[in-house]
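Encoded as structure tokens, the structure appears first; notes follow it.
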Amino acid sequence: MSKAPKLFSVLGLPVHLIDDYSGWLRSRLKQGIGTHVVTLNAEMAMQAERNAALAKVIRQAELAIPDGAGVVLYLRLFRQRIKRCPGIELAESLLSEGKARVFLYGGAPGVAEAAAAVWQQQVPGLNIVGTQHGYTSPAEVEELQQKIKQLQPQLILVGLGVPRQELWIAQHRYLSPQATWIGVGGSFDIWAGVKSRAPAWLADNHLEWLYRLYQEPWRWRRMLALPKFAWKALIYRLTQRSQIGQQLP
Ligand code: UDP
14 MSKAPKLFSV LGLPVHLIDD YSGWLRSRLK QGIGTHVVTL NAEMAMQAER NAALAKVIRQ
74 AELAIPDGAG VVLYLRLFRQ RIKRCPGIEL AESLLSEGKA RVFLYGGAPG VAEAAAAVWQ
134 QQVPGLNIVG TQHGYTSPAE VEELQQKIKQ LQPQLILVGL GVPRQELWIA QHRYLSPQAT
194 WIGVGGSFDI WAGVKSRAPA WLADNHLEWL YRLYQEPWRW RRMLALPKFA WKALIYRLTQ
254 RSQIGQQLP
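Using the numbering used here, the letters of the sequence shown correspond one by one to residues 14 to 262.
Pasting the structure below:
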């Protein structure tokens with residue numbers, strides 16, 4: 014059993030530090046302890062400053078992982094060296110185990126199915142019990158809810174983008190209360206081969222955002238959040254407003 018998570022604060026939002034996130038989640042999955050995993054990055058933190066509902070959901074999540082380079086660099090400013098844990102890699106590690114009943118929700122029509130097919134080929138015996146694209150009509154939403162209630166998936170990956178996925182999970186996790194729910198952003202696009210991840214050398218140099226900008230230039234406006242985050246981080250550092258290193262009960 015992994016050690017209890019350490020809790021850090023990034024602009025007042027939680028980040029949990031665990032040596033082995035995947036092992037921690039696997040143990041909760043086995044015990045049927047429902048978990049909402051939030052993948053914290055600079056863009057999400059800046060959205061939470063303006064969106065109180067999102068901030069509340071992030072604070073209530075059982076696990077907030079350091080998904081983005083900005084979060085890692087922020088904590089470095091406070092002399093905390095932590096390892097980045099991209100949400101997509103955590104989801105991949107749980108899927109590779111092949112032990113849980115999985116549901117994929119989100120992405121353009123056909124993308125979640127394509128991602129499921131890729132995974133099913135990669136992990137024989139993986140039990141993907143259902144998929145649903147993320148551009149649903151009210152009737153499809155109703156049907157989706159019925160499906161989740163009936164199938165009781167254990168691992169539910171929701172790729173609707175921030176903050177839609179976080180809010181959706183918080184509102185609907187009661188449908189499968191023992192599941193691990195993760196907001197995975199555009200991960201289905203990557204698994205389905207619609208988009209690609211930044212090369213490792215860019216990610217290692219905290220420059221994954223540059224690759225996203227190259228791949229999706231229309232994101233430039235959203236990416237203005239990054240310098241704003243860096244500025245806020247410096248202000249927080251100068252005023253020492255972050256409490257770090259608290260131990261969770
Ligand atoms: N998406 C969706 N429904 C919507 C809006 C978006 O399913 O109403 C999907 C979109 O197809 C994409 C993902 O949500 O696969 C968002 O990916 P992005 O990389 O933008 O996520 P973020 O950066 O917000 O984590």
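Every residue, glycine too, gets a C-beta built ideally from N, C-alpha and C.
Straight-line Cα distance separating Leu20 from Leu103: The straight-line gap separating the alpha-carbon atoms of Leu103 and Leu20 is approximately 19 Å.
Is it buried or exposed for Glu265, if we count other Cβ within 10 angstroms and need 16 for buried? Nothing about residue 265 can be read from this structure; the chain reaches only from 14 to 262.
Which ranges would you report for the beta strand (DSSP E) in the region 178 to 241 if only whole runs of at least 3 residues count? Qualifying beta strand (DSSP E) stretches, in chain order: 193 to 196.
In the DSSP assignment, the beta strand (DSSP E) including Pro27 goes from what residue to what residue? That run of the beta strand (DSSP E) goes 26 to 30.
Sequence-distant residues of its chain with Cβ nearer than 8 Å to Lys162 (five each side left out): So the list reads Leu188, Ser189, once near-sequence residues are dropped.
Using a Cβ-Cβ cut-off of 6 Å (strictly less than) and excluding sequence neighbours within five positions of Leu53, which residues of its own chain qualify? Within the same chain, Val28, Ala77, Asp80, Val84 come within 6 Å of Leu53 by CB-CB distance, once the 5 residues on both sides are set aside.
Host alpha helix (DSSP H) of Leu67 (start-end): First-last of the alpha helix (DSSP H) with Leu67: 65 to 73.
How many whole angstroms separate the CB atoms of Trp264 and Val131, which I take to be in contact at a CB cut-off of 8 Å? One cannot answer for residue 264 here, as it falls past the ends of the chain, which runs 14 to 262.
Which residue comes first and which comes last in the alpha helix (DSSP H) that contains Gly83? Boundaries of the alpha helix (DSSP H) harbouring Gly83: 82 to 90, taken from the DSSP string.
Do you know how far the Cα of Met57 is from the Cα of Lys160? CA-to-CA, the gap between Lys160 and Met57 works out to about 29 Å.
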